[in-house]
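Encoded as structure tokens, the structure appears first; notes follow it.
Numbering (this note's numbering), first residue to last: 25 to 348.
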């Protein structure tokens, strides 16, 4: 369904009145993965790891430096404006910050209907009926919410409106960029359950982006772990949880909050990471994680590791695989 191949996204840094280029931010560096129809691919990593840049590049908001993105076999990474507009009906994004993505001057009904207006789908009456139907899908009674403004909604209700707006065009792929990170824990669970239900209802394909590995593990069938613009491990959710092979993945899993000592004993024991995440302007040589890795060897700083196949669905980029 969605195939990302050798994707690179670099942003030039300009300085001074003459806008002289003085450096480059390597936000995404040679990333490849694919998502099958009906699949749910979770992309996890710290802030500034490149996750959201990948999402924006898939949707055409950001142009790739090199590499390609294919949707159902068709290359979409360098479409013109008209072709990109047509594609928006097939690919939608649900943002993290609904406060900024929902126009406070428009009522809920207008916010959801605008996509139907832009694409000239149906008559005025049919559009309103479709908006009401979509509100019911996200469990917001239309008679109570059509005429409300975003300011009158709770965080969870705003996210439901954002979901309805994204699904109104009946997309095939939905990119979820931290869809629950701004919500209370109790509300998070309800939104995640709703997203799971809607995925089955509409046969959707999800790219789920989050810094929270525990959420990604519960939602995804395949997970990609990103660090400083690169993928370092890809595998099925069970492989990642039970048999994490990259030191960074192991550190993320060891940090998952647990309730019982029994659960704590299941998680890998990882020494504390060193220092802070490196710079995408001047990333470390070799393995980009070596400056923080408690197991790093001299070779890790010198040479970038190749991918190692653990099983059919599980690959990792690390020299220390046999250690684990």
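Ideal placement from N, C-alpha and C gives every residue a C-beta, glycine not left out.
Three-state class that DSSP yields for residue i in the structure shown
i: residue 313; result: coil
i: residue 202; result: coil
i: residue 230; result: strand
i: residue 158; result: helix
i: residue 246; result: strand
i: residue 89; result: coil
i: residue 333; result: strand
i: residue 170; result: coil
i: residue 180; result: helix
i: residue 209; result: helix
i: residue 346; result: helix
i: residue 300; result: coil
i: residue 327; result: coil
i: residue 96; result: coil
i: residue 257; result: strand
i: residue 64; result: strand
Environment of residue i [buried if 16+ CB atoms lie within 10 Å]
i: residue 202; result: buried
i: residue 304; result: buried
i: residue 226; result: exposed
i: residue 148; result: exposed
i: residue 133; result: buried
i: residue 251; result: buried
i: residue 96; result: exposed
i: residue 102; result: exposed
i: residue 341; result: buried
i: residue 75; result: buried
i: residue 224; result: exposed
i: residue 142; result: exposed
i: residue 309; result: exposed
Alpha carbon of residue i to alpha carbon of residue j, nearest angstrom
i: residue 318; j: residue 198; result: 37 angstroms
i: residue 237; j: residue 245; result: 13 angstroms
i: residue 88; j: residue 121; result: 24 angstroms
i: residue 66; j: residue 247; result: 5 angstroms
i: residue 208; j: residue 138; result: 29 angstroms
i: residue 69; j: residue 52; result: 13 angstroms
i: residue 281; j: residue 265; result: 14 angstroms
i: residue 271; j: residue 294; result: 8 angstroms
i: residue 263; j: residue 229; result: 21 angstroms
i: residue 160; j: residue 91; result: 40 angstroms
i: residue 316; j: residue 173; result: 47 angstroms
i: residue 364; j: residue 86; result: The first residue shown for the chain is 25 and the last is 348, placing residue 364 beyond what the model contains.
i: residue 205; j: residue 126; result: 17 angstroms
i: residue 38; j: residue 77; result: 19 angstroms
Span of the beta strand (DSSP E) around residue i
i: residue 53; result: 44-59
i: residue 27; result: 26-39
i: residue 339; result: 338-341
beta-carbon residue i near the ligand PLP non-hydrogen atom, thresh 7 angstroms
i: residue 229; result: As for the ligand PLP, it is missing from this structure, which has no ligand bound.
Min CB distance residue i to chain B below 8 angstroms
i: residue 213; result: No chain B is present in this structure, which holds just one protein chain.
First and last residue of the uninterrupted alpha helix (DSSP H) at residue i
i: residue 196; result: Where residue 196 is concerned, there is no enclosing alpha helix (DSSP H), given that its DSSP letter is neither H nor E.
i: residue 106; result: 105-111
i: residue 294; result: First-last for residue 294: undefined, no H or E at that position.
i: residue 164; result: Looking at the DSSP string, residue 164 is not in any alpha helix (DSSP H), and its letter there is neither H nor E.
Discussion item. Report the start-end ranges of each alpha helix (DSSP H) in the region 119-151 that is 4 residues or longer and not cut off at the edges.
Written reply: Here the runs fully enclosed are 122-125, 132-142.
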